[in-house]
Amino acid sequence: MKRETLRSLRELAYFSSLGLQVALSIFIGLAIGLYLDRRVFDTSPWLTLIFLGFGIAAAFKNIGLAIKKSRQL
1 MKRETLRSLR ELAYFSSLGL QVALSIFIGL AIGLYLDRRV FDTSPWLTLI FLGFGIAAAF
61 KNIGLAIKKS RQL
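Read in order, the letters of the sequence shown are residues 1 to 73 in our numbering.
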């Protein structure tokens, strides 16, 4: 394969996994918040909202890192 084709395939694989990374970071933040609210502290909905915010922040961080990496390539 040509070098350009390999590079394009590598970029495609990286960016196609970005959606999964975003969804998982939000879901994990939500799951941790729900667990802490329901099982540990009984502070519903505050920890759920806080950890959901952390998950969304992590998702934006992943998007920012992907943009930074795409500019380097």
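Ideal placement from N, C-alpha and C gives every residue a C-beta, glycine not left out.
Around the beta carbon of residue 5, fewer than 16 other beta carbons lie within 10 angstroms, which makes this residue exposed. Ranked by Cα distance from residue 63, the first of 8, 1, 25 and 3 is 25. CA-CA distance, residue 17 to residue 1, rounds to 23 Å. About 27 Å separates the Cβ atoms of residue 32 and residue 15, ruling out a contact at the 8 Å cut-off. Contact between residue 55 and residue 28 is confirmed by a C-beta separation of about 6 Å, below the 8 Å threshold.
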